[in-house]
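A.B. asks: Residue numbers (this note's numbering): 1 to 375.
Glycine residues also receive a C-beta, built at the ideal position from the N, C-alpha and C atoms.
Bear in mind the structure is a predicted one, so any value in this text is a computation, not a measurement.
Got a structure here, written out as structure tokens. Questions coming.
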């Protein structure tokens, strides 16, 4: 029996596919994706942005391939990338063939939009020949005309029917290495569509609230929509769609997964909103610490509380804690136990060093465990 059953998430069982060397679905970790916004035809700019996304923790990165110049550059981009690259294809099937040959790990297409069954078969053949997966990407903003006429407007049933139609085209071509998304900018529509699709298919599901908005608004919408689905076990890979830099999409994606205990990466910060009781400027301190600790990928927790009301209690639950005190001196907690005080002017630098040391300690312990297991 679970110690905390109210935290348990019972994940929907899906088939597992491979996107390059990254498993998606089944019992594989929920992966975090983003998409570049540079011109793919400019390989240097695209590779530079991919590198930043990799450092932020992206598991899979998508690039748009609207023209021959983009697919021509894709080979260089794929070689330089450390994570699998998905080629985003719309309408023209030849771009899909070129992208598969260039080494894309996955093609994002809607099979029904690329022409005849013969063209679909060509794309499938190219995907098979290159060990390339396919993502079917249904979007409420680009539903087929016949479905809009049938249902009158984008609705969950229309999105699911579109997805099933596209799936059938791949299955008829004897292709089964696919995942599916049914995205909408309306949270209610997207969640309902994914819930219905999850009941109808066994393939991995790619979650997203499309065109979610800017950094704050889009984060909230994505957290509500994808968080609801993930909480109920639906979703195998996610992309947070923000009008913000792709690195921010990756960070928000991890924060959503961290909040649900699905995946952990980097420093989980527990901090108070601050009030007149605070012994130091909590807001500015947290901003500086989050910026300074972006390079830490090891999962660990840090509490930053302005006073002693909730500070000691939160610090007991985190790896490192700081609680505001009087006279410019603040209490530092290590592994939940009071350890020493630190002067106000030295606090940020001191906490950064403590976190870095703790991360190194945890990594060394992990390496030692892996070495023992390998013997």
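#1: Determine the direct distance from the alpha carbon of residue 360 to that of residue 80, and round the result to whole angstroms.
#2: Identify whether residue 33 lies in helix, strand or coil by the three-state DSSP scheme.
#3: Within the chosen definition, does the region 50-62 reach the region 243-252 through at least 3 CB pairs nearer than 8 Å?
#4: If distances are taken between C-alpha atoms only, which option among 17, 30 and 239 comes closest to residue 53?
#5: Taking only the alpha-carbon atoms, compute the straight-line gap between residue 160 and residue 147 and give it to the nearest angstrom.
#6: With DSSP run on the structure shown, which of helix, strand or coil describes residue 341?
#7: Are residue 99 and residue 87 closer than 7 Å when you measure CB to CB?
#8: What does DSSP give as the partner residues of residue 267 in its beta bridges?
#9: Taking 7 Å as the threshold (C-beta atoms), are residue 22 and residue 66 in contact?
#10: Check whether the region 217-237 and the region 1-18 touch, using three or more Cβ-Cβ pairs below 8 Å as the test.
#11: In terms of alpha-carbon separation, which member of 219, 183 and 5 lies closest to residue 244?
#12: Are residue 46 and residue 38 touching if we call contact CB-CB under 7 Å?
#13: Taking the runs of the beta strand (DSSP E) that are 3 residues or longer, which of them lie wholly in the region 181-269?
#14: So what's residue 276 in DSSP terms, helix, strand or just coil?
#15: By alpha-carbon positions, which one of 135, 138, 143 and 93 ends up nearest to residue 122?
#16: Could you have a look at residue 117 and say whether DSSP puts it in helix, strand or coil?
#17: Along the chain, where does the beta strand (DSSP E) that runs through residue 81 open and close?
C.D. replies: Once the coordinates are examined:
#1: If you number the chain shown from 1, residue 80 lands on position 80. If you number the chain shown from 1, residue 360 lands on position 360. When rounded, the distance between both Cα atoms is 28 Å.
#2: Looking up residue 33 in the chain shown gives position 33. In the structure shown, residue 33 sits in a strand (DSSP, three-state: E or B).
#3: yes
#4: Residue mapping note: residue 53 aligns to position 53 of the chain shown, counting from 1. Minimum Cα distance to residue 53 is reached at 239.
#5: Position 160 of the chain shown, counting from 1, holds the residue named residue 160. Position 147 of the chain shown, counting from 1, holds the residue named residue 147. Distance between the alpha carbons of residue 160 and residue 147 is about 10 Å.
#6: Here residue 341 refers to the residue found at position 341 of the chain shown. Residue 341: strand per DSSP, three-state reduction.
#7: Mapped onto the chain shown, residue 99 falls at position 99. Mapped onto the chain shown, residue 87 falls at position 87. Cβ distance < 7 Å, so residue 99 and residue 87 count as in contact.
#8: Here residue 267 refers to the residue found at position 267 of the chain shown. DSSP, once it has assigned bridges, lists 300 as partnering residue 267.
#9: Your numbering for residue 66 matches position 66 in the chain shown. Your numbering for residue 22 matches position 22 in the chain shown. Contact flag unset, no.
#10: Below 8 Å, enough C-beta pairs join the region 217-237 and the region 1-18 to call them touching: three or more.
#11: Numbered from 1 along the chain shown, position 244 holds the residue referred to as residue 244. Answer by Cα proximity: 219.
#12: On the chain shown, residue 46 is found 46 positions in, with the first residue counted as 1. On the chain shown, residue 38 is found 38 positions in, with the first residue counted as 1. Taking 7 Å as the cut-off, the beta carbon of residue 46 is found closer than this to the beta carbon of residue 38.
#13: 237-239
#14: Looking up residue 276 in the chain shown gives position 276. Here residue 276 sits in coil by DSSP.
#15: If you number the chain shown from 1, residue 122 lands on position 122. Per the Cα distances, 93.
#16: Residue mapping note: residue 117 aligns to position 117 of the chain shown, counting from 1. Residue 117: helix per DSSP, three-state reduction.
#17: Counting from 1 along the chain shown, the entry for residue 81 is found at position 81. Here residue 81 belongs to no beta strand (DSSP E), and DSSP marks it neither H nor E.
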